[in-house]
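Undergrad:
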Amino acid sequence: MHKIITDRLKRNIRNTGMAAFVLAGSLCFCLPAAAAEPGLQAPATEEISGKSAEKKKADDNKRLMTIEDYVVEGGGVFGSDFYELEEPEEDEYDKVPGDEGKAGESMGASADDWNLILVNKQHPVPEDYEYNLTYINDSQQIDKRIAGQVAKLVSAAEKSGIELMICSAYRSYDRQTTLFNNKMDKLLKSGMSYFDAYRTASYSVTIPGTSEHQLGLALDIITPGYTALDSGFADTEAGKWLKKNAPDYGFILRYPEGKEYITGIIFEPWHFRYVGVENAKYITENALVLEEYIELLE
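At position 165 of the sequence shown the residue is numbered 162 (the working numbering), and the sequence of numbers has no breaks.
Next comes the structure, spelled out in structure tokens:
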């Protein structure tokens, strides 16, 4: 099924002119769904042949999932060594294009600034996009230029009694394809047609090549007391704190409620995108989404 979906997806990408390229990426920790700690591997399989071997392999693959998969499935995160980042005294990327003044030319911001690159269904990741990644732990990467601000965001939340956990950061094209295929597979098994499954999946899992996570500028953030990626996160203390304070560190709530008709993505109170401090403040104070802000700058 996954091969069929992938082949169809590749044809769709070619037909629509989307960027179709594969980048080396880093996955979250691996753990069996029934395990109590991250980092554990699925038990080794016995050597058996025929249909029994195929079934056992499928069962083992189903049990083996990443923390990101587990969170998407509505499971819990049992712990992590996330973001061993030191908060810098002065980050060389704190002052970026678009960090002074007001919107438009007087603000000094440009739609061509690296931190304002627009990626959505109509604007796929450019084929010549230059990645500048750094690890925040043994498995996750982000754009090096935002590492200092991520550290400050997490530290500020901690000082306010809020524990934040990054369950997804940079994703490779392959990783995004896997997530999209998993969603498609479930919808197809529920009885949806291929067209309806593809359209429905794209509302909650972006089509490979069109995900902000592929830039390394987006974070999916949860908290230990609430690990489900759903609208309920907005009502948690962590969700409320992020909505109010994330702009001070250059991050916007990328897919707010009521703007789905513009973003093409459902309300995601856990998804934050780096755009620079002043850009983030302007976007938030004026109840804009990135698509609208880019229009103001062009």
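Glycine included, C-beta positions come from ideal geometry on N, C-alpha and C.
1. To the nearest whole angstrom, what separates the beta carbons of E234 and Y252, a pair I think is in contact under 8 Å?
2. Figure out for me which residue from E155, A154, N129 has the closest Cα to the Cα of I143.
3. According to DSSP, is E295 part of a helix, a strand, or is it coil?
4. Considering only C-alpha positions, which residue in the set E127, E257, E254, R270 is nearest to H210?
5. Report the rounded CA-to-CA distance for D227 versus D110, giving the unit in angstroms.
6. So for V151, helix, strand or coil by DSSP?
7. Look up I263 in the DSSP assignment and say whether it is helix, strand or coil.
8. Quick check on the DSSP output: what are the complete beta strand (DSSP E) runs of length 3 or more inside the segment 104 to 180, in order along the chain?
9. When you compare each of S187, D193, A166 to K141 by their alpha carbons, which one comes out closest?
10. Going by other Cβ atoms of all chains shown within 10 Å of its Cβ, with 16 needed for buried, is A284 buried or exposed?
11. For G236, I'd like the list of residues in its chain whose CB is within less than 6 Å of its CB, leaving aside the five on either flank, ordered along the chain.
12. Using the three-state DSSP reduction, which class does I280 fall into: helix, strand or coil?
13. Report yes if the C-beta distance between T197 and L184 is below 8 Å; otherwise report no.
14. Where do the N-terminal and C-terminal ends of the beta strand (DSSP E) with D193 fall, by residue?
15. Taking L216 as the reference, which of K240, H268, L293, L287 has the closest Cα?
16. Note down the Cα distance separating E289 from G105, rounded to an integer number of angstroms.
17. From A225 to D125, what does the alpha carbon distance come to, in whole angstroms?
18. From which residue to which residue does the beta strand (DSSP E) around A215 run?
19. When we look at the beta-carbon of L115 and count the other beta-carbons within 10 Å, is it buried (16 or more) or exposed?
20. Using the Cα positions of H120 and T207, report the straight-line distance between them to the nearest angstrom.
TA: Walking through what the data contain:
1. About 20 Å separates the two Cβ atoms, so there is no contact after all.
2. N129
3. coil
4. R270
5. Cα to Cα, D227 sits roughly 31 Å from D110.
6. helix
7. coil
8. 130 to 132, 138 to 140, 162 to 165
9. A166
10. Label assigned to A284: exposed.
11. F230, P266
12. helix
13. Yes, the Cβ-Cβ distance between T197 and L184 is below 8 Å.
14. Annotation: D193 is outside any beta strand (DSSP E); the continuous alpha helix (DSSP H) that includes it extends over 191 to 201.
15. H268
16. 17 Å
17. 34 Å
18. 215 to 219
19. exposed
20. 7 Å
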